[in-house]
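Scroll down for the structure; my scribbles are underneath it.
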Ligand code: ADP
Ligand code: ZN
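In the UniProt record's numbering, the protein residues as written are 1 to 526.
Below, the structure is given as C-alpha cells:
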C-alpha cells in the first residue's frame with residue numbers, strides 16, 4: 001500500500017470520491033513529515049487527516065483522544081474499511097490490553113487510539129520506543145487549555161511527544177478554539193513549527209434565531225408545531241429538572257420527546273439515545289451531557305430553553321443540527337433570568353478569580369450575540385476570528401431587521417428607578433414602579449411615593465409596557481451599565497459605568513424587541 005497516493009487510498013479504502021476542504025493539503029504535509037494544527041468544525045472530516053497518512057507512512061499512528069466512549073466506534077468503523085486499528089483504554093481487561101500491545105509490537109497495527117493517561121505511563125512510552133511511529137494525532141486538542149471547559153490535565157504533558165520523539169510528525173485537531181485557545185495549544189504542545197489549517201466555521205444551512213423568553217415551553221411548542229412537525233431535534237436545558245419537566249410537557253402535547261441527562265441510569269440513557277438515532281421524529285430533551293460524538297445527519301433543529309455559557313458551547317450544540325446540509329434551525333429563548341442565573345453560577349463557583357473572569361467574559365460574548373441588531377452569523381463567526389463580508393440572509397436579524405432607538409431617556413429613568421428604590425429589586429418590580437402599577441407590594445415599601453413612580457408610562461411620546469421595560473433592563477445589564485446583585489436575589493444596582501448615563505453625558509441606542517402579549521402568567525415565567 002505504501003506507494004499508493006492519498007486520493008487512491010481515499011477512493012479504495014474509504015470509498016469517497018474526493019477530498020473536502022483542506023484535507024488533501026493536510027495529508028500531504030503530514031506524509032512529508034510536517035506538523036499541523038487543524039481547526040475544523042465538527043463533521044468537517046478531521047479523522048481522515050490522520051487516518052490516510054497513517055496508512056501511507058511506515059509504522060503505527062498513535063491517536064490520543066479523551067473520548068474513551070467513542071474509541072470503540074471509531075475502531076469498529078475503521079476495521080470495516082479493512083484498516084488495522086485498535087484502542088487502549090480503561091475499558092479493556094488486562095488481558096485484552098496485553099493483546100493489543102503485542103499487535104503493536106508485531107507491527108500489525110496501522111492506527112492505535114489511546115487515552116492520554118495511558119500514553120503518559122513510562123511503561124507505554126518504553127513500548128513506543130521499540131516500534132516505528134507513523135505520526136501522533138492529538139484529537140480534541142483544546143483540552144490542553146486550562147481555561148476551556150474541557151480541560152484535561154494530562155494534555156499538558158503531551159509536549160513530551162515532541163521532546164521524546166522529535167522526528168515523528170504531529171497533528172493537533174480541534175473543532176473549538178478561539179484565538180487565545182489556539183495560541184495555548186501551540187505553546188503548550190510546542191507546535192510553533194506547525195502549519196495552521198483553519199476551515200470556515202460557517203454552517204450556512206443553519207438558521208440562527210433568538211426569541212425573547214416569555215413562557216419558554218409554550219414558545220417552544222409553537223415553534224415545533226409551526227416548523228418542525230415530526231422532525232428530529234434536540235432541546236437543551238440547563239438542569240436535569242428542566243429536562244424532565246420539558247420532556248413531560250412535550251409528551252403531554254403529543255410530541256415524541258425523551259429526556260436525557262446524567263441523572264438517568266446508563267440503560268435508560270442508552271435506550272433513549274438509540275431511539276433518537278433510529279426512529280424518525282424523536283426529540284431529545286437533554287442537558288449538555290448529550291451530544292458529544294452523536295452522528296445523526298438529519299437533526300432538523302436544536303433548541304435552547306436556557307442560555308448556553310459561551311458562544312463556543314452554543315456553536316458546538318447548534319452544530320449538531322443539519323449535518324446533512326439541508327436547512328435546519330437553531331432556536332434559542334433568552335431572558336434576563338438566564339443572565340442572572342449564569343452570572344450567579346459563575347461567581348458562586350469555587351474556581352479562582354482569573355477563571356471566573358474568563359467565564360464572565362465568555363458569557364459576555366454570548367450575550368453580545370443575543371443582543372446584537374446585526375447579522376448573527378457575522379457576530380458568531382467574528383468571535384471565532386473569521387470575517388463574513390456580507391450579512392448572511394439566513395438569521396433572524398437578516399430576515400427581520402431589528403429596529404434600534406435612542407434609549408437614553410428610558411435608560412436614565414430605568415437607572416434612577418433602581419436608585420430611588422434602594423437598589424434592592426429585580427427588573428419586574430422596577431418595571432411596575434416605572435409604570436405606576438397599583439400593587440400592595442409597592443405600597444408596602446412606600447415606592448408609590450418615590451419620584452420615579454409612574455414616570456415610565458410614556459417615553460418620548462411612546463406608551464410603554466412591562467415587556468419593554470424588561471427588555472431595557474436586560475439590555476442595560478448585558479451591556480454592563482447596571483450590575484446584578486447576586487447575593488440580593490438578582491436585585492439590580494448601579495455601577496461606576498452608570499454615572500455618565502445618569503448625568504446625561506452619554507447616549508445609548510437600544511434594540512426594540514418585538515412586542516408580545518404579556519400576561520401575569522408569562523411574566524412570572526420570564
Ligand atoms: P470530525 O472529526 O471533523 O467531526 P469526521 O472525521 O468524523 O469529522 O467526518 C465526518 C463525516 O464526514 C464522516 O461520516 C466521514 O466519513 C465523512 N467524510 C469525511 N471526509 C470525507 C470526504 N472527503 N468525502 C466524503 N465524506 C467524508
Ligand atoms: Zn444574518
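A virtual CB, placed ideally from N, CA and C, is assigned to each residue, including glycine.
Practice task
Could you tell me whether any non-hydrogen atom of the ligand ADP is closer than 6 Å to the CB of residue 43?
Solution key: Residue 43 sits at position 43 when you count from the first residue of the chain shown. Yes, since a heavy atom of the ligand ADP falls inside the 6 Å radius drawn around the Cβ of residue 43.
Practice task
May I ask you to check if the CB of residue 377 is nearer than 6 Å to at least one heavy atom of the ligand ZN?
Solution key: The residue you call residue 377 lines up with position 377 of the chain shown. At least one heavy atom of the ligand ZN is nearer than 6 Å to the Cβ of residue 377, so yes.
Handout entry: Beta-carbon gap between residue 434 and residue 467 smaller than 7 Å
Key = Mapped onto the chain shown, residue 434 falls at position 434. Mapped onto the chain shown, residue 467 falls at position 467. No, the Cβ-Cβ distance between residue 434 and residue 467 is not below 7 Å.
Handout entry: CB of residue 340 within 7 Å of CB of residue 490, strictly
Key = Taking the chain shown and counting its residues from 1, the one referred to as residue 340 is at position 340. Taking the chain shown and counting its residues from 1, the one referred to as residue 490 is at position 490. In contact: residue 340 and residue 490 (Cβ atoms closer than 7 Å).
Problem - Span of the alpha helix (DSSP H), counted from its first residue to its last, around residue 181 - result: In the chain shown, the residue the question calls residue 181 occupies position 181. From DSSP, the alpha helix (DSSP H) with residue 181 extends over 179 to 188.
Problem - Sequence-distant residues of the same chain with beta carbon closer than 7 Å to residue 200, five excluded per side - result: By one-based count along the chain shown, residue 200 stands at place 200. So the qualifying residues of the chain are 386.
Exercise for the section: For residue 192, count neighbouring C-beta atoms within 10 Å of its own C-beta (all shown protein chains included) and say buried if the count is 16 or more, exposed if not. Expected result: Translated into positions along the chain shown, residue 192 becomes position 192. Its Cβ having fewer than 16 others within 10 Å, residue 192 is exposed.
Practice task
Output the distance between the C-alpha atoms of residue 437 and residue 464, rounded to the nearest integer angstrom.
Solution key: Counted from its first residue, the chain shown places residue 437 at position 437. Counted from its first residue, the chain shown places residue 464 at position 464. If I take the Cα positions, the gap works out to 12 Å.
Exercise for the section: Report all residues from its chain with a CB closer than 8 Å to the CB of residue 101; omit the five preceding and five following residues, and keep chain order. Expected result: As a first step, residue 101 is located in the chain shown; it is residue number 101 there, counting from the start. Same-chain partners within the cutoff: 88, 127.
Handout entry: Cβ pair residue 391, residue 398 closer than 7 Å
Key = Translated into positions along the chain shown, residue 391 becomes position 391. Translated into positions along the chain shown, residue 398 becomes position 398. Yes, they are a contact pair.
Practice task
Quick one: grab the DSSP three-state call for residue 234.
Solution key: The count along the chain shown starts at 1 and reaches residue 234 at position 234. Here residue 234 sits in strand by DSSP.
Practice task
Could you spell out the range, first to last residue, of the beta strand (DSSP E) harbouring residue 174?
Solution key: Locating residue 174 in the chain shown gives position 174, counting from the first residue. First-last of the beta strand (DSSP E) with residue 174: 170 to 174.
Handout entry: C-alpha distance - residue 33 paired with residue 167, whole-angstrom precision
Key = On the chain shown, position 33 is the one that residue 33 refers to. On the chain shown, position 167 is the one that residue 167 refers to. Rounded to whole angstroms, residue 33 to residue 167 spans 8 Å at the Cα level.
Handout entry: Secondary structure, alpha helix (DSSP H): runs of 4+ residues fully inside the region 357 to 433
Key = 376 to 383, 396 to 399, 408 to 420
Exercise for the section: Output the boundary residues of the beta strand (DSSP E) element that contains residue 165. Expected result: Mapped onto the chain shown, residue 165 falls at position 165. Taken as a continuous stretch (DSSP letters only), residue 165 belongs to no beta strand (DSSP E), as it is neither H nor E.
Problem - Reduced DSSP category for residue 520 - H, G, I as helix; E, B as strand; rest coil - result: Against the chain shown, residue 520 aligns to sequence position 520. Here the model assigns residue 520 a pLDDT of 41, short of 50, so the residue's position is not dependable and the matter cannot be decided.
Problem - Contact under 7 Å by Cβ, residue 282 with residue 276 - result: By 1-based counting over the chain shown, the position of residue 282 is 282. By 1-based counting over the chain shown, the position of residue 276 is 276. Taking 7 Å as the Cβ cut-off, residue 282 and residue 276 qualify as a contacting pair.
Practice task
State the Cα-Cα distance for the pair residue 110 and residue 158, rounded to the nearest angstrom.
Solution key: Stepping through the chain shown from its first residue, residue 110 is reached at position 110. Stepping through the chain shown from its first residue, residue 158 is reached at position 158. The alpha-carbon atoms of residue 110 and residue 158 are separated by roughly 21 Å.
Problem - Proximity test, residue 276 beta-carbon vs the ligand ADP heavy atom, cut-off 6 Å - result: Residue mapping note: residue 276 aligns to position 276 of the chain shown, counting from 1. Incorrect: residue 276 has no Cβ contact closer than 6 Å to the ligand ADP.
Exercise for the section: Using the Cα positions of residue 252 and residue 209, report the straight-line distance between them to the nearest angstrom. Expected result: The residue labelled residue 252 in the question sits at position 252 within the chain shown. The residue labelled residue 209 in the question sits at position 209 within the chain shown. Rounded to the nearest angstrom, the two C-alpha atoms are 26 Å apart.
Exercise for the section: Give the DSSP bridge partners of residue 485, in chain order. Expected result: Counting from one through the chain shown, the residue named residue 485 turns up at place 485. Answer is 491, bridged to residue 485.
Handout entry: Whole-angstrom C-beta distance between residue 430 and residue 442, which should lie under 8 Å
Key = Against the chain shown, residue 442 aligns to sequence position 442. Against the chain shown, residue 430 aligns to sequence position 430. In fact, because the Cβ distance is near 10 Å, the residues do not count as touching under 8 Å.
Handout entry: Proximity to residue 450 [Cα-Cα], best of 473, 416, 475
Key = As a position in the chain shown, residue 450 is number 450, starting the count at 1. Answer by Cα proximity: 416.
Practice task
Please find out if some non-hydrogen atom of the ligand ZN comes closer than 6 Å to the beta-carbon of residue 401.
Solution key: As a working note, residue 401 is residue 401 in the chain shown. Flag unset: Cβ of residue 401 not near the ligand ZN.
Problem - Where residue 204 falls: helix, strand or coil (DSSP) - result: Working through the chain shown from its first residue, we reach residue 204 at position 204. In this structure, residue 204 counts as coil in the three-state DSSP scheme.
Practice task
Use the C-beta contact count for residue 519: other C-beta atoms within 10 angstroms, 16 or more gives buried, fewer gives exposed.
Solution key: Along the chain shown, one-based indexing puts residue 519 at 519. Note that residue 519 has pLDDT 40, beneath the 50 cutoff, so the model's placement of it is unreliable and no number is given.
Handout entry: beta-carbon residue 169 near the ligand ZN non-hydrogen atom, thresh 6 Å
Key = Taking the first residue of the chain shown as position 1, residue 169 is located at position 169. False, no ligand heavy atom lies under 6 Å from that Cβ.
Problem - Complete runs of the alpha helix (DSSP H) confined to the region 30 to 99 [at least 4 residues] - result: 47 to 56, 68 to 80
Handout entry: Rounded C-alpha distance that separates residue 129 from residue 90
Key = Reading the chain shown from its first residue, position 129 is the one you call residue 129. Reading the chain shown from its first residue, position 90 is the one you call residue 90. Distance between the alpha carbons of residue 129 and residue 90: 22 Å.
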